[in-house]
């Protein structure tokens with residue numbers, strides 16, 4: 001029997017963990033040892049488990065926001081009946097398996113390789129790029145295996161010694177460039193934040209962790225003429241329907257929101273399930289008057305079949 005240990009409850013968090021539901025919203029446990037034989041879970045079963053878990057977590061968040069304890073407890077029981085958090089973690093890690101093409105960081109690596117090929121000396125930089133991976137599932141993804149990055153990994157519930165157990169919203173704001181990063185990865189993380197305004201808060205907070213001095217002089221030294229096109233940056237991955245089928249968000253509106261934070265879209269890829277974006281931070285935030293435009297929901301895609309995913313800035 002897998003041993004479990006209780007985590008200290010922390011109130012006030014607005015993050016939904018991919019591993020254990022609403023943080024601070026009821027009992028939670030974490031496996032004391034890594035799961036084994038993740039490859040035995042078929043891709044079809046894994047997708048079904050993940051979809052079911054997402055639906056239940058959404059219902060749980062809604063019930064808790066209404067202080068509906070009875071419904072929340074019923075949903076928690078249903079989650080456990082489906083195999084609980086352990087089964088969901090297994091499905092998540094299995095879905096990221098290289099053989100199934102589930103590692104979103106491969107897209108980032110492909111973009112960097114394109115940059116390398118188009119560079120005069122076929123080199124990105126003479127030193128490793130500092131990457132903060134928020135919501136890390138595994139220490140063995142494409143970015144971790146690449147020699148390009150010095151990776152710092154964090155997640156609400158670490159399943160590996162190389163992943164620090166930390167809430168990004170609780171991570172201390174850097175005070176020196178040595179504590180900042182060239183790139184931050186939010187891959188399938190923002191959609192787990194429970195409130196629209198909290199999603200905006202998370203995006204805004206990323207700008208505090210990016211450094212603009214690490215790569216200065218690279219272009220002038222002839223090392224990389226295209227390096228400044230990509231860094232410092234935010235690698236953002238969302239389920240495609242969050243942007244393509246939302247009542248309150250589309251790509252144009254997201255680009256305007258990110259512009260308020262000083263981001264410009266550098267790379268983009270849309271698949272059937274996911275949207276991948278690389279946002280370069282130029283460090284110039286637009287006027288506060290423009291910011292007010294995104295402090296309330298505005299319908300941009302009417303229709304009964306739309307979802308309600310939204311991002312707000314307050």
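Numbering (full-length UniProt numbering), first residue to last: 1 to 314.
We treat Cβ as the ideally placed atom computed from N, Cα and C, and that holds for glycine.
{"query": "Identity of the residues DSSP links to residue 239 by a beta bridge", "result": "274"}
{"query": "Endpoints, alpha helix (DSSP H) assigned at residue 50", "result": "43-65"}
{"query": "Beta-carbon spacing of residue 254, residue 104 below 8 Å", "result": "no"}
{"query": "Element boundaries [alpha helix (DSSP H), containing residue 76]", "result": "69-81"}
{"query": "Coarse secondary structure for residue 316, derived from DSSP in three states", "result": "This structure leaves residue 316 out entirely; the chain is present only between 1 and 314."}
{"query": "When 247, 267, 252 are compared against residue 236, the one with the closest alpha-carbon", "result": "267"}
{"query": "Element boundaries [alpha helix (DSSP H), containing residue 109]", "result": "105-117"}
{"query": "CA-to-CA distance, residue 172 to residue 242, given in whole angstroms", "result": "29 Å"}
{"query": "Inter-residue Cα distance where the pair is residue 233 and residue 210", "result": "7 Å"}
{"query": "Per DSSP, cross-strand counterpart(s) of residue 307", "result": "246"}
{"query": "With 16 other Cβ atoms within 10 Å as the buried cut-off, status of residue 260", "result": "buried"}
{"query": "Residue nearest to residue 309 in terms of C-alpha spacing, selected from 87, 59, 245", "result": "245"}
{"query": "Sub-8 Å separation of residue 247 and residue 191 beta-carbons", "result": "no"}
{"query": "Inter-residue Cα distance where the pair is residue 27 and residue 294", "result": "In this prediction, residue 27 scores a pLDDT of 32, lower than 50, which makes its location untrustworthy; the coordinate-derived value is nonetheless stated afterwards. Using only the alpha carbons, I get a separation of about 35 Å."}
{"query": "Integer Cβ distance of residue 154 from residue 168, believed to fall under 8 Å", "result": "6 Å"}
{"query": "Pairwise C-alpha distance: residue 203 and residue 128", "result": "24 Å"}
{"query": "When 56, 112, 66, 206 are compared against residue 77, the one with the closest alpha-carbon", "result": "56"}
{"query": "Simplified DSSP state of residue 233, which is helix, strand or coil", "result": "strand"}
{"query": "Ordered list of alpha helix (DSSP H) runs contained in the segment 130-200, each at least 4 residues", "result": "142-145"}
{"query": "Closest by C-alpha distance to residue 316, when choosing among 194, 199, 178", "result": "Residue 316 is absent from the model: the chain starts at 1 and stops at 314."}
{"query": "Per-residue burial, residue 198 [other beta carbons within 10 Å of its own, 16 or more giving buried]", "result": "buried"}
{"query": "Top-ranked residue by Cα proximity to residue 313, from 196, 73, 175, 112", "result": "196"}
{"query": "Beta carbon of residue 131 nearer than 8 Å to that of residue 151", "result": "yes"}
{"query": "Inter-residue Cα distance where the pair is residue 110 and residue 116", "result": "10 Å"}
{"query": "Simplified DSSP assignment, three categories, for residue 267", "result": "strand"}
{"query": "Cα-Cα separation, residue 6 to residue 70", "result": "Confidence is the limiting factor: at residue 6 the pLDDT is only 48, short of 50, which leaves the residue's position unreliable and the question unanswerable from this model."}
{"query": "Proximity of residue 185 and residue 134 at Cβ, strictly below 8 Å", "result": "yes"}
{"query": "Residue 254 in three-state terms, based on DSSP", "result": "helix"}
{"query": "Residue 25 (DSSP reduced to helix, strand or coil)", "result": "In this predicted model, residue 25 has a pLDDT of only 39, less than 50, meaning its place in the structure is not dependable enough to derive any value."}
{"query": "Residue environment, residue 147, which counts as buried when at least 16 other CB atoms sit within 10 Å", "result": "exposed"}
{"query": "Closest by C-alpha distance to residue 256, when choosing among 47, 208, 200, 113", "result": "200"}
{"query": "Collapsed DSSP secondary structure at residue 261 in the structure displayed", "result": "coil"}
{"query": "Rounded separation between residue 47 and residue 120 - CA only", "result": "43 Å"}
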